[in-house]
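Colleague: Protein chains in written order, with the working numbering: chain A, 242 to 523; chain B, 2 to 164. Cβ atoms here follow ideal geometry from the backbone N, Cα and C, with glycine treated the same way. First, the structure itself, so that you have it in front of you.
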Amino acid sequence: MYKKKEFEKRYLLIIAVVVIAILLVVLSVALKKDRDLSAPEKFIKDCGTFIIDIVSTPVNFIKEQIRESEDKNNVYEKYKELKEKEESYDSLQAENDNLKAEVEKLKKSLELNTVLSDSIFTNATVVNRNIDYWYDEITIDKGSKSGITKGMAVVNNSGLLGQITSVSNYYSTVKLLANENMSDKISVKISVGDQYVYGLISQYSSKNNTYTVEGISENIDIPKGAEVVTTGMGDTFPSGLLVGHVKRVTTDNFDLSKVAIVESSVDFDDIDYVSVLKRKDS
Amino acid sequence: MVPAVLIISFILDSIVSNFISLDSLFFPLFTLMALIIIYPYFNNNRQKYFGVCLVTGICYDLIYSNTIIIHGMLFLLIGFIITRLNLIISNNSINVGIMAIVCIVIYRFLAYGLLLITASTSFEWFSLLKSIYSSLILNIFYVILIYIITDKISRKFKIHRTN
Numbered sequence: 242m243y244k245k246k247e248f249e250k251r252y253l254l255i256i257a258v259v260v261i262a263i264l265l266v267v268l269s270v271a272l273k274k275d276r277d278l279s280a281p282e283k284f285i286k287d288c289g290t291f292i293i294d295i296v297s298t299p300v301n302f303i304k305e306q307i308r309e310s311e312d313k314n315n316v317y318e319k320y321k322e323l324k325e326k327e328e329s330y331d332s333l334q335a336e337n338d339n340l341k342a343e344v345e346k347l348k349k350s351l352e353l354n355t356v357l358s359d360s361i362f363t364n365a366t367v368v369n370r371n372i373d374y375w376y377d378e379i380t381i382d383k384g385s386k387s388g389i390t391k392g393m394a395v396v397n398n399s400g401l402l403g404q405i406t407s408v409s410n411y412y413s414t415v416k417l418l419a420n421e422n423m424s425d426k427i428s429v430k431i432s433v434g435d436q437y438v439y440g441l442i443s444q445y446s447s448k449n450n451t452y453t454v455e456g457i458s459e460n461i462d463i464p465k466g467a468e469v470v471t472t473g474m475g476d477t478f479p480s481g482l483l484v485g486h487v488k489r490v491t492t493d494n495f496d497l498s499k500v501a502i503v504e505s506s507v508d509f510d511d512i513d514y515v516s517v518l519k520r521k522d523s
Numbered sequence: 002m003v004p005a006v007l008i009i010s011f012i013l014d015s016i017v018s019n020f021i022s023l024d025s026l027f028f029p030l031f032t033l034m035a036l037i038i039i040y041p042y043f044n045n046n047r048q049k050y051f052g053v054c055l056v057t058g059i060c061y062d063l064i065y066s067n068t069i070i071i072h073g074m075l076f077l078l079i080g081f082i083i084t085r086l087n088l089i090i091s092n093n094s095i096n097v098g099i100m101a102i103v104c105i106v107i108y109r110f111l112a113y114g115l116l117l118i119t120a121s122t123s124f125e126w127f128s129l130l131k132s133i134y135s136s137l138i139l140n141i142f143y144v145i146l147i148y149i150i151t152d153k154i155s156r157k158f159k160i161h162r163t164n
């Protein structure tokens, strides 16, 4: 009798361990970031998002109208701002054309097909946003049928927004850089005069809308307001995408390297239209 | 009544999230709140209720979070807790608010725990606390409002439910 009970206890323990192990494996797979959606998943996601898209249309229309009326109130200020920009536009355009021609010449002379900044744009509209605390994502209305693939960079007119993490036939999910648990470190460079200082984005603070850029080893003074752009290193983002501007510079805990607090150029609370970038070499 | 509350809450989750800021104190968890409201309409048919919780969770997974069964399991567990709570406390507008608080706290703890176990996030007490308190205000308001509306409709059309 005693032996039988002992056997049952062991038996139960083994089952419990096996069940927990299987559960952990299932959870790891379920939460895997680079998982491709299966065909049924794609179908359900497409149908569900399509319904949400239709239902949200009147709400989005009202939102658009409110924004338009707000813009109308600021027309004069916008006019002044644009007028100032217009004065420098011609010289910037000429400089841009000149640089483009120079890049093309250099590509030819070096026999390069692409450079890190080469990219193709696809425009998309935001359908919904999931800000359930740990999944800071948006869904856009372009999917694999429009040539979108996983890993593409997503920007808006203010700068870098995030990266495509999953794709169904007609919709895609974008993981925003505003995700506070951003696990993939992004390589960036800070423009200091003619030089560039390199570092890695390690953290985002939603409270201040700032990134923390770590690993800056160069002993160069970084001015406040310096532009921070992507380097194009790694497979993720093309080069030269605006990330933000330096707010302040401190040192790390060991005083070995500098840490820059960079104010994001993007307002993550207000994203309606985005562009998906495809690197020409990808 | 049950499909209407679930579908409206599910879609509202998406619409409201488009309007609120990232650092907001008003994170919507309306689908979770709908699970509290719909339970009395199952008239103690728990198996059917658990089935609805599971299906809702799986839909939430597929459409909103791109995971497979995480929310399916979480919603099932929350559904179980709701059935237990309904044995202890009666159904009225104040008690649904209390149930909402319990469900949000447990849901956040479980979701955070799962992410920690699978090393999808690093442990930070503040993140966990922030996720809890930022979800309370809007969702308690929503659950009480929906309770009052469904209560009036049920009385008017004499829809049977357990109290």
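Have a look at A:290, A:377, A:303 and flag the residue whose alpha-carbon is nearest the alpha-carbon of residue 64 of chain B.
Modeller: To locate residue 64 of chain B, count along the second sequence from 1; it is residue 63. Checking every option, the nearest Cα to that of residue 64 of chain B belongs to A:290.
Colleague: For residue 370 of chain A, count the other beta carbons within 10 Å of its own beta carbon; 16 or more makes it buried, fewer makes it exposed. Which is it?
Modeller: Taking the first residue of the first sequence as position 1, residue 370 of chain A is located at position 129. By the neighbour-count rule (16 or more Cβ atoms within 10 Å), residue 370 of chain A is buried.
Colleague: Is it buried or exposed, residue 266 of chain A, if we count other Cβ atoms within 10 angstroms and call 16 or more buried?
Modeller: Taking the first residue of the first sequence as position 1, residue 266 of chain A is located at position 25. That one is exposed.
Colleague: To the nearest angstrom, how far is the alpha carbon of residue 523 of chain A from that of residue 130 of chain B?
Modeller: Start at 1 with the first residue of the first sequence, and residue 523 of chain A comes out as number 282. Start at 1 with the first residue of the second sequence, and residue 130 of chain B comes out as number 129. Annotation note: pLDDT 45 at residue 523 of chain A (below 50); position unreliable, coordinate value reported separately. Each residue's alpha carbon lies about 41 Å from the other.
Colleague: My output table needs one value for residue 98 of chain B: the three-state DSSP class, helix, strand or coil.
Modeller: In the second sequence, residue 98 of chain B corresponds to position 97, counting from 1. Three-state DSSP puts residue 98 of chain B in a helix.
Colleague: Is the CB of residue 296 of chain A under 8 Å away from at least one CB in chain B?
Modeller: For the purposes of this step, residue 296 of chain A is taken as the residue at position 55 of the first sequence. Chain B, which has a Cβ nearer than 8 Å to the Cβ of residue 296 of chain A, makes this yes.
Colleague: Going along chain A in order, which residues have a C-beta closer than 9 Å to the C-beta of residue 60 of chain B?
Modeller: The sequence position of residue 60 of chain B within the second sequence is 59, counting from 1. Chain A residues near residue 60 of chain B: 285, 289.
Colleague: Which residues share a DSSP beta bridge with residue 364 of chain A?
Modeller: Residue numbering aside, residue 364 of chain A sits at position 123 when the first sequence is read from its first letter. A:516.
Colleague: Just verifying my parser: in three-state terms, what is the DSSP assignment at residue 161 of chain B?
Modeller: For this step, residue 161 of chain B is matched to residue 160 along the second sequence. Note: residue 161 of chain B maps to coil in three-state DSSP.
Colleague: Could you check the C-alpha separation between residue 258 of chain A and residue 394 of chain A for me, to the nearest Å?
Modeller: Stepping through the first sequence from its first residue, residue 258 of chain A is reached at position 17. Stepping through the first sequence from its first residue, residue 394 of chain A is reached at position 153. Cα-Cα distance, rounded: 42 Å.
Colleague: Rounded C-beta distance between residue 367 of chain A and residue 379 of chain A? I'm assuming under 8 Å.
Modeller: Your numbering for residue 367 of chain A matches position 126 in the first sequence. Your numbering for residue 379 of chain A matches position 138 in the first sequence. That pair is a contact at about 5 Å.
Colleague: Would you give the residue range spanned by the alpha helix (DSSP H) that residue 489 of chain A belongs to?
Modeller: Start at 1 with the first residue of the first sequence, and residue 489 of chain A comes out as number 248. Not the alpha helix (DSSP H): residue 489 of chain A falls in the beta strand (DSSP E), residues 483 to 492.
Colleague: In three-state DSSP terms, what is residue 523 of chain A?
Modeller: On the first sequence, residue 523 of chain A is found 282 positions in, with the first residue counted as 1. Annotation note: pLDDT 45 at residue 523 of chain A (below 50); position unreliable, no value reported.
Colleague: Among all the DSSP beta bridges, which residues are the ones paired with residue 369 of chain A?
Modeller: For this step, residue 369 of chain A is matched to residue 128 along the first sequence. The partner list for residue 369 of chain A (beta bridge, DSSP) reads A:380.
Colleague: Using the Cα positions of residue 292 of chain A and residue 107 of chain B, report the straight-line distance between them to the nearest angstrom.
Modeller: On the first sequence, residue 292 of chain A is found 51 positions in, with the first residue counted as 1. On the second sequence, residue 107 of chain B is found 106 positions in, with the first residue counted as 1. One C-alpha to the other measures close to 30 Å.
Colleague: Which complete beta strand (DSSP E) runs does the segment 399 to 440 of chain A hold, if anything under 3 residues is left out?
Modeller: The qualifying runs are 400 to 408, 413 to 417, 427 to 433.
Colleague: Does DSSP put residue 339 of chain A in a helix, in a strand, or in coil?
Modeller: In the first sequence, counting from the first residue as 1, residue 339 of chain A sits at position 98. It is helical.
Colleague: Using DSSP with H/G/I as helix, E/B as strand and the rest coil, what is residue 505 of chain A?
Modeller: Within the first sequence, numbered from 1, the residue matching residue 505 of chain A stands at position 264. DSSP places residue 505 of chain A in strand when its eight states are reduced to three.
Colleague: Just checking: is the beta-carbon of residue 134 of chain B within a distance shorter than 8 Å of some beta-carbon in chain A?
Modeller: In the second sequence, the residue the question calls residue 134 of chain B occupies position 133. Not an interface residue.
Colleague: Put residue 397 of chain A into one of helix, strand or coil per three-state DSSP.
Modeller: Stepping through the first sequence from its first residue, residue 397 of chain A is reached at position 156. Residue 397 of chain A: strand per DSSP, three-state reduction.
Colleague: Given this structure, state the Cα-to-Cα distance separating residue 507 of chain A from residue 43 of chain B, to the nearest angstrom.
Modeller: In the first sequence, counting from the first residue as 1, residue 507 of chain A sits at position 266. In the second sequence, counting from the first residue as 1, residue 43 of chain B sits at position 42. Distance between the alpha carbons of residue 507 of chain A and residue 43 of chain B is about 47 Å.
Colleague: Quick one: which chain B residues come within Cβ less than 8 Å of residue 414 of chain A?
Modeller: Counting from one through the first sequence, the residue named residue 414 of chain A turns up at place 173. What residue 414 of chain A touches in chain B: 67.
Colleague: Suppose you measure from the CA of residue 331 of chain A to the CA of residue 137 of chain B; what does that come to, to the nearest Å?
Modeller: The residue labelled residue 331 of chain A in the question sits at position 90 within the first sequence. The residue labelled residue 137 of chain B in the question sits at position 136 within the second sequence. Rounded to the nearest angstrom, the two C-alpha atoms are 53 Å apart.
Colleague: At a Cβ threshold of 8 Å, is residue 19 of chain B touching chain A?
Modeller: Taking the first residue of the second sequence as 1, we reach residue 19 of chain B at position 18. It does; some Cβ of chain A falls within 8 Å.
Colleague: What does the Cβ neighbour count give for residue 148 of chain B, buried or exposed, with the cut at 16 atoms within 10 Å?
Modeller: Position 147 of the second sequence, counted from the start, is the residue given in the question as residue 148 of chain B. Looking at its Cβ environment, which holds 16 or more other Cβ atoms inside 10 Å, residue 148 of chain B is buried.
Colleague: So, is residue 306 of chain A buried or exposed, given that buried needs 16 or more other C-beta atoms within 10 angstroms?
Modeller: Against the first sequence, residue 306 of chain A aligns to sequence position 65. Classification of residue 306 of chain A: exposed, given that the 10 Å Cβ count is below 16.
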